[in-house]
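Peer 1:
There are 4 protein chains.
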Amino acid sequence: MSDRMKAVVKTTAGPGAELTTVDIPTPGAKDVLVKVKATSICGTDLHIYRWDPWAASRIKPPLIFGHELAGEVVEVGQEVTSIDVGDFVSAETHIVCGVCHQCRSGQRHVCQNVSIIGVDRPGCFAEYVVVPECNVWQNPPEMPPEVASVQEPFGNAVHTALSTELVAKSVLITGCGPIGLMAIAIAKAAGAEQVFATEVVPYRIQLAQAAGADLVLNPKDTNVSAEITARTAGTGVDVLLEMSGNPSAIREGFAVLRYGGYAALLGIPPQPMELDLANTLIFKGATVYGVTGRLIWKTWYQTKALLGSGAVDLQPIITHRFPLEDFEQGMALMDTGQCGKVVLFP
Amino acid sequence: MSDRMKAVVKTTAGPGAELTTVDIPTPGAKDVLVKVKATSICGTDLHIYRWDPWAASRIKPPLIFGHELAGEVVEVGQEVTSIDVGDFVSAETHIVCGVCHQCRSGQRHVCQNVSIIGVDRPGCFAEYVVVPECNVWQNPPEMPPEVASVQEPFGNAVHTALSTELVAKSVLITGCGPIGLMAIAIAKAAGAEQVFATEVVPYRIQLAQAAGADLVLNPKDTNVSAEITARTAGTGVDVLLEMSGNPSAIREGFAVLRYGGYAALLGIPPQPMELDLANTLIFKGATVYGVTGRLIWKTWYQTKALLGSGAVDLQPIITHRFPLEDFEQGMALMDTGQCGKVVLFP
Amino acid sequence: MSDRMKAVVKTTAGPGAELTTVDIPTPGAKDVLVKVKATSICGTDLHIYRWDPWAASRIKPPLIFGHELAGEVVEVGQEVTSIDVGDFVSAETHIVCGVCHQCRSGQRHVCQNVSIIGVDRPGCFAEYVVVPECNVWQNPPEMPPEVASVQEPFGNAVHTALSTELVAKSVLITGCGPIGLMAIAIAKAAGAEQVFATEVVPYRIQLAQAAGADLVLNPKDTNVSAEITARTAGTGVDVLLEMSGNPSAIREGFAVLRYGGYAALLGIPPQPMELDLANTLIFKGATVYGVTGRLIWKTWYQTKALLGSGAVDLQPIITHRFPLEDFEQGMALMDTGQCGKVVLFP
Amino acid sequence: MSDRMKAVVKTTAGPGAELTTVDIPTPGAKDVLVKVKATSICGTDLHIYRWDPWAASRIKPPLIFGHELAGEVVEVGQEVTSIDVGDFVSAETHIVCGVCHQCRSGQRHVCQNVSIIGVDRPGCFAEYVVVPECNVWQNPPEMPPEVASVQEPFGNAVHTALSTELVAKSVLITGCGPIGLMAIAIAKAAGAEQVFATEVVPYRIQLAQAAGADLVLNPKDTNVSAEITARTAGTGVDVLLEMSGNPSAIREGFAVLRYGGYAALLGIPPQPMELDLANTLIFKGATVYGVTGRLIWKTWYQTKALLGSGAVDLQPIITHRFPLEDFEQGMALMDTGQCGKVVLFP
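Protein chains in written order, with our numbering: chain A, -19 to 326; chain B, -19 to 326; chain C, -19 to 326; chain D, -19 to 326.
(1) Could you please give me the residues that DSSP links to Leu(-1) of chain A through a beta bridge?
(2) Near Phe307 of chain D, what residues of its chain come up, given a Cβ to Cβ distance below 8 Å and the 5 sequence neighbours on each side ignored?
(3) Going by C-alpha to C-alpha distance, which of B:Pro199, B:Ala177, B:Thr202 and B:Lys200 sits closest to Ala191 of chain B?
(4) Quick check: what's the CA-CA separation for Glu232 of chain B versus Ser205 of chain B?
(5) Go ahead and label Arg88 of chain C buried or exposed: buried means 16 or more other beta carbons lie within 10 angstroms of its beta carbon, across all protein chains shown.
(6) For the stretch 245 to 276 of chain C, which residues have a CB atom closer than 7 Å to at least one CB atom of chain D, in sequence order?
(7) Using 7 Å as the threshold, is the C-beta distance between Lys15 of chain C and Glu52 of chain C below it?
(8) In angstroms, rounded to a whole number, what distance separates the CA positions of His300 of chain B and Gly320 of chain B?
(9) Would Asn203 of chain A be called buried (16 or more neighbouring beta carbons within 10 Å of its own) or exposed?
(10) How far does the beta strand (DSSP E) with Phe45 of chain B in it extend, from its first residue to its last?
(11) Please return the same chain residues whose Cβ sits closer than 8 Å to the Cβ of Trp277 of chain D, not counting the five positions on each side in sequence.
(12) What first and last residue would you give for the alpha helix (DSSP H) that runs through Asp315 of chain B?
(13) Pull out every residue of the stretch 74 to 97 of chain C whose Cβ sits closer than 8 Å to any Cβ of chain B, in chain order.
(14) Going by other Cβ atoms of all chains shown within 10 Å of its Cβ, with 16 needed for buried, is Ala(-7) of chain B buried or exposed?
(15) CB-CB under 7 Å to Glu48 of chain C, same chain, minus the five flanking residues each way: which ones, in chain order?
(16) Just to confirm my understanding: we take Lys10 of chain B, look at its own chain, exclude 5 residues before and 5 after, and list those with CB closer than 7 Å. What are they?
(17) What's the gap between the Cα of Glu222 of chain B and the Cα of Asn259 of chain D?
(18) Could you check if Pro326 of chain B is buried or exposed, using at least 16 other CB atoms within 10 Å of its CB as the buried criterion?
(19) Pull the bridge partners of Phe325 of chain D from the DSSP assignment, please.
(20) With a threshold of 7 Å between beta carbons, is Ser62 of chain D in contact with chain A?
(21) Taking only the alpha-carbon atoms, compute the straight-line gap between Ser150 of chain A and Pro124 of chain B and give it to the nearest angstrom.
(22) Measuring only between beta-carbons, confirm whether Tyr239 of chain A sits less than 7 Å from chain C.
(23) Between which two residues does the alpha helix (DSSP H) containing Gln189 of chain D stretch?
(24) Between the Cα of Trp280 of chain C and those of C:Pro120, C:Ala312 and C:Phe302, spot the shortest distance and give me the residue it belongs to.
(25) What does DSSP give as the partner residue(s) for Lys15 of chain C in the beta ladder?
(26) Determine which residues share a DSSP beta bridge with Tyr269 of chain D and list them.
(27) For Asp201 of chain A, count neighbouring Cβ atoms within 10 angstroms of its own Cβ and tell me buried if that reaches 16, exposed if not.
(28) Look up Arg238 of chain A in the DSSP assignment and say whether it is helix, strand or coil.
(29) What is the DSSP secondary structure of Leu294 of chain A, counted as helix, strand or coil?
(30) Can you tell me the Cα-Cα spacing of Arg30 of chain A and Lys(-14) of chain A, whole angstroms?
(31) Using a Cβ distance threshold of 8 Å, determine whether the stretch 25 to 42 of chain B contacts the stretch 62 to 71 of chain B, with at least three qualifying pairs required.
(32) Can you give me the Cβ contacts of Gln174 of chain C inside the same chain, cut-off strictly under 6 Å, excluding the 5 residues immediately before and after it?
(33) Does the beta carbon of Lys284 of chain C sit closer than 7 Å to a beta carbon anywhere in chain B?
(34) Take Ser224 of chain C and list the residues in its own chain whose beta-carbon comes closer than 6 Å to its own, dropping the five residues that flank it on each side.
(35) Just to make sure I have the definition right: I need the residues of chain D whose C-beta is within less than 9 Å of the C-beta of Thr215 of chain B. Which are they?
(36) Could you tell me if Ala210 of chain D is buried or exposed, where buried requires 16 or more neighbouring beta carbons within 10 angstroms of its beta carbon?
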């Protein structure tokens, strides 16, 4: 193979990115080199592309970004023992230190010293990417590359949704971006009694219905609280899965959470927000869990089981496919919300 | 209404029972009188009918037995506030004391002073039965009486199956009597990855397949352990739900339970049995939960949700219906195992 | 006995209260009449006394307030079965409906229809008070009345502190009012590795040290975050027990909560506050539990065990005793913070 | 240093062992070489020494046995990054594969492919021992070597005792060998309300009292069940920690376990035993957990916290110290039960 490759690079500290040609990276002794077959666009990639305040504070250009991936191993470092050339793999994108308190006591997903592929080190919007052996996940050979790539954000949805018991519960999912859509499908697969969702973009409302939501409400033209209260015998929902990061959605979600209910928060509010802790949380006796990444590897086993058994089908949620060269189209599309998951093919 | 009713009575301390006519009972101040529309036969009723050692030690004839029921409230005591004449109801059959340590700390299902309908006080193999107000469960009016009656044993299955997380897990159910069959349906509804079942009676093997088991094995002609080990990548099952009470099934179930796995035991071994605690439990780091009754009322809410959302359909598991007068046919049928759930109609 | 009694009554919708003489109340069929031996002042009583916005929205004068109590049963209603005249009792002050979703599924502490003694019905700043039988807690005869009275707020501390595992954990308690002080003692009794506390009032700082805190920090003159970070090897505390309701204390507490940590919130912020959900909760993978009341009766069993075994001694936290007539002195003292728990004797 | 060392070697497949001189082992690239300062005798070592059926089936002579240790790192392999020469360390003795289902999902303590120091590879009854870097635990420099060595079995006790909530609970510990004694101390430190223990050897009964048991019963001359029932208001104990492996103790322990109680089993019954599952487990609604090893590293953090805070003192439980040369005296002593923990000094 040639020693040069195509890559999408954030070259300067500002908006945009550049498709260019760079050296194929060399794996270290405990790394593997993956030829990327599919790579999907995360909201985080859009933040980096647009160069918002978070990106400006974290990203050090030049950087190949992108972190959701599926591909074939084409080279392994000399100390790699569990992966072979030819394996079809994806990656846990949080590279953890292994020695902090959290890593040593079953909470690697909140490692104090995490390094993220495509954020803190070169990513996979490229023909090749280096991944440490211990972050590689083996895919079933028959899994389509776009599904395999999308497992990483699906893992966020799995971690969020399965952080509590859903069977026989009423569930509200606020925000039907790709991860919210996945959460709808997971909640149905897990035996939730009723799955409510809120979303404002008509395109995504349709996707939410297709994903299996029992009722999708548009807060722009519906009194969400009244509607859900009526359908839960006045009690409110057992579980809130917050996927939007939108302050009004968060407040609305807590408003219909029942006394003694459970909320998992994955959406990231862009800045500090006002919250009535007394009434939304304390008097309610609620439990709230903040979700970061995926439980390593518990979440991946769950992901594998849900996809392998057919309980969840991600194909309807993957709505757009582009060659890597057209990444700007993908970014523009994500900006509009007129899409589910967008996948790039290098 | 007349003041006499038909009832199936255990008249003497020995095998058999008698269909006879007795006085309609009078509800106390905090009781309701239910006109029975359907009553289903439990394994416990068969023990009483046959007069096995357990029955001989517990039952004081004469006794109307039977405890699974659905019916219409026809009279309420003067202090009853939450139930009205005309309500369509079923009953939690364990009448608890409310004041023991367990009752006062969230474990009413293991009340130290429990009294059971049809075991310790008059049951529902009759046209009418008295139930304390605080044991009455309101049914949706549209639920068929035979389904409503079967909710009580379904609650045992729900309690057992949902005592641990099943989503994305591999599950083995040993024993496909009515409650085992229900557990299969629940495990599928709850998103289990693979549901294995064992059973020796061909009729019930077919019912298990119909209930959704991914693989039903007959230990008489299959090496259960080898088969399941192969289908779980050598690891064994995550969860064992023991429904048979059969010592070999119990040992076989533990043999394929994975290291760090979970077992819930509902089936009652008829006598003490030999168990290799070191290898089946301790070295394995397993967790075992003994199941009694239903969590009051958590299990009933789950039951309602699973049936109401359509996640579980009990109709295929209800295989036989008889008028109350033919209760002996029902008992004989249950003895053969050539049935799922058997319902009587007074 | 006479048919009149002394009582502290909120007579009008405004600040203050009046010591006056009223009729001794009559217990209903399922109630008991308690002769109050000791009644302690809660922060809630101070809100009612001062007539703050919460009080104005909730309290309907005239009302005898006060809810923490110990006393002797002097009369029982005709249907009371578990309590006798002469019993020495305290009361769970949340009277629950028993039929809502929460009541029927193990979460009575967040009953949708709760009625609180001294808030929604006549309280115990009086010589006598009526308590429903099912809210009565039997005390050991040898327990001093002031300790028995203080069990109710101690139950709040127990519920908060024991809502998570404390043994071998580092714990921060923000706010050393009476309940914060109790939480310190509980955390030590439960085997916490290090117990940190924050407080600004010197009198309470001394009480916190006496209660067993390993380190009490005054945020006015110490960098709490730096100090605690240093003493937890840079990791932060495992557990935050928030007892102040003060927005800066809440933010400070979350700032030193470790990644993957647990927070229980009991203190009530007086109004909505700004919170950086992304950094304090979501990225941190934290779990937050809102605490209301006491788990009925699990918390009371724990309370009894902690006091009965001598693991916790409440006497040092009870700093002031007044005759009921001097309730205004007690209120004034609580306003200053120069006290632990204040008890009144009718 | 010389290249030869003293070691206790099981030289042939039969009873006994030999103190001899062997080559000092050479650490691999990811190993460290530890100069042993203290090594304590485990019941497992006694099984190997005596050559019981378990030992005969598992041990391949010649083997240096012994696995509990504390020592100084004197050499590190070339790829070791987290340990330095001079570090004072102990070892997690279960070397796990890191890639099986259990290892990858938070249950390394039940790794399917575990290899144990002193059982499956050379142990530490010697002047030097090789330990993989990833099994090394850093000790505080000031910890006495015998305490540091004893942390491994203490970890078994911690894993067992802290596998459930003990605060405010009544606890029965059956068997007061060294790990049972440690469990007594842990239960008291964790705030248990009452700690009962059973033991037949008078020497150990005294140690159990010294460790803090509220009541130590000798089943040879006391009706354990009657005594404990009386002291728990007829309810039985909340928690059973089974440390003996003795069938009668196991049955007796379950007999006084309350309805809805919890049992953790660490003691290993030497062979299959008869158990009345219906009455001891199922009707009781009990939960049983089988304990293997230590949670890696959660248990070690708890161990560190309990010892570091002074909540548990292991010195009274360490009753005998011998030079390594006198290992046979230590083995003989353990055979009699007239000891707590026995430590050897190479």
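Glycine included, C-beta positions come from ideal geometry on N, C-alpha and C. This structure is a prediction, so every number in the text was calculated from the model and none was measured.
Peer 2: According to the data block:
(1) Mapped onto the first sequence, residue -1 of chain A falls at position 19. Answer is A:Val(-12).
(2) Here residue 307 of chain D is taken as the residue at index 327 of the fourth sequence, counted from 1. Excluding sequence neighbours, Phe307 of chain D sits near Val(-12), Ala(-3), Leu(-1), Ile21, Phe105 and Leu324.
(3) Translated into the one-based positions of the second sequence, residue 191 of chain B becomes position 211. The shortest C-alpha separation from Ala191 of chain B is found at B:Ala177.
(4) Residue numbering aside, residue 232 of chain B sits at position 252 when the second sequence is read from its first letter. Residue numbering aside, residue 205 of chain B sits at position 225 when the second sequence is read from its first letter. Spanning the two alpha carbons is a distance of roughly 7 Å.
(5) Counting from 1 along the third sequence, the entry for residue 88 of chain C is found at position 108. Classification for Arg88 of chain C: buried.
(6) none
(7) Position 35 of the third sequence, counted from the first residue, corresponds to residue 15 of chain C. Position 72 of the third sequence, counted from the first residue, corresponds to residue 52 of chain C. For Lys15 of chain C and Glu52 of chain C, yes; Cβs fall inside 7 Å.
(8) The residue given as residue 300 of chain B occupies position 320 in the second sequence. The residue given as residue 320 of chain B occupies position 340 in the second sequence. Computed Cα separation, rounded: 7 Å.
(9) Looking up residue 203 of chain A in the first sequence gives position 223. Asn203 of chain A is exposed by the Cβ-count criterion.
(10) In the second sequence, residue 45 of chain B corresponds to position 65, counting from 1. It is not in any beta strand (DSSP E) - Phe45 of chain B carries neither H nor E in the DSSP assignment.
(11) On the fourth sequence, residue 277 of chain D is found 297 positions in, with the first residue counted as 1. Closer than 8 Å at Cβ, skipping near neighbours: Glu72 and Trp117.
(12) The residue labelled residue 315 of chain B in the question sits at position 335 within the second sequence. From DSSP, the alpha helix (DSSP H) with Asp315 of chain B extends over Phe307 to Thr316.
(13) Val79, His81, Arg84, Ser85 and Gly86
(14) In the second sequence, counting from the first residue as 1, residue -7 of chain B sits at position 13. Ala(-7) of chain B comes out exposed.
(15) Translated into positions along the third sequence, residue 48 of chain C becomes position 68. Correct list, in chain order: Thr19, Ser20, Cys22, Ser129, Val130, Glu132 and Pro133.
(16) Residue numbering aside, residue 10 of chain B sits at position 30 when the second sequence is read from its first letter. Only Gly57, Glu59, Val60, Pro112 and Glu113 meet the Cβ criterion.
(17) Numbered from its first residue, the second sequence carries residue 222 of chain B at position 242. Numbered from its first residue, the fourth sequence carries residue 259 of chain D at position 279. Between Glu222 of chain B and Asn259 of chain D, the C-alpha separation is close to 16 Å.
(18) Numbered from 1 along the second sequence, position 346 holds the residue referred to as residue 326 of chain B. Under this definition Pro326 of chain B is a buried residue.
(19) Stepping through the fourth sequence from its first residue, residue 325 of chain D is reached at position 345. Answer is D:Pro303.
(20) Indexing the fourth sequence from 1 puts residue 62 of chain D at position 82. For Ser62 of chain D, the answer is yes, since a Cβ of chain A falls inside 7 Å of its Cβ.
(21) If you number the first sequence from 1, residue 150 of chain A lands on position 170. If you number the second sequence from 1, residue 124 of chain B lands on position 144. Taking the straight line joining both Cα atoms gives about 24 Å.
(22) For the purposes of this step, residue 239 of chain A is taken as residue 259 along the first sequence, with counting starting at 1. Yes, Tyr239 of chain A counts as interfacial toward chain C.
(23) Taking the fourth sequence and counting its residues from 1, one reaches residue 189 of chain D at position 209. Gln189 of chain D -> alpha helix (DSSP H) spans Pro182 to Ala190.
(24) Your numbering for residue 280 of chain C matches position 300 in the third sequence. When only C-alpha atoms are compared, the closest one is C:Pro120.
(25) As a first step, residue 15 of chain C must be located in the third sequence, where it is residue number 35. Note: Lys15 of chain C sits in a beta bridge opposite C:Glu52 and C:Tyr108.
(26) As a first step, residue 269 of chain D must be located in the fourth sequence, where it is residue number 289. Its beta-bridge partners are B:Thr267 and D:Ala244.
(27) Sequence index remark: in the first sequence, residue 201 of chain A carries index 221 (1-based). Under this definition Asp201 of chain A is an exposed residue.
(28) Locating residue 238 of chain A in the first sequence gives position 258, where the first residue counts as 1. DSSP places Arg238 of chain A in strand when its eight states are reduced to three.
(29) Within the first sequence, numbered from 1, the residue matching residue 294 of chain A stands at position 314. The answer is coil: DSSP assigns Leu294 of chain A none of H, G, I, E or B.
(30) One-based indexing of the first sequence puts residue 30 of chain A at position 50. One-based indexing of the first sequence puts residue -14 of chain A at position 6. So the alpha carbons of these two residues sit roughly 21 Å apart.
(31) no
(32) Here residue 174 of chain C refers to the residue found at position 194 of the third sequence. Excluding residues within five positions, the ones whose Cβ falls inside 6 Å are Ser150 and Asp194.
(33) Position 304 of the third sequence holds residue 284 of chain C. So, not an interface residue.
(34) As a working mapping, residue 224 of chain C is identified with position 244 in the third sequence. Cβ within range, chain order: Thr154, Gly155 and Gly247.
(35) As a working note, residue 215 of chain B is residue 235 in the second sequence. Going along chain D in sequence order, the residues near Thr215 of chain B (Cβ under 9 Å) are Cys80, His81, Gln82 and Gln92.
(36) Residue 210 of chain D sits at position 230 when you count from the first residue of the fourth sequence. Result: exposed.
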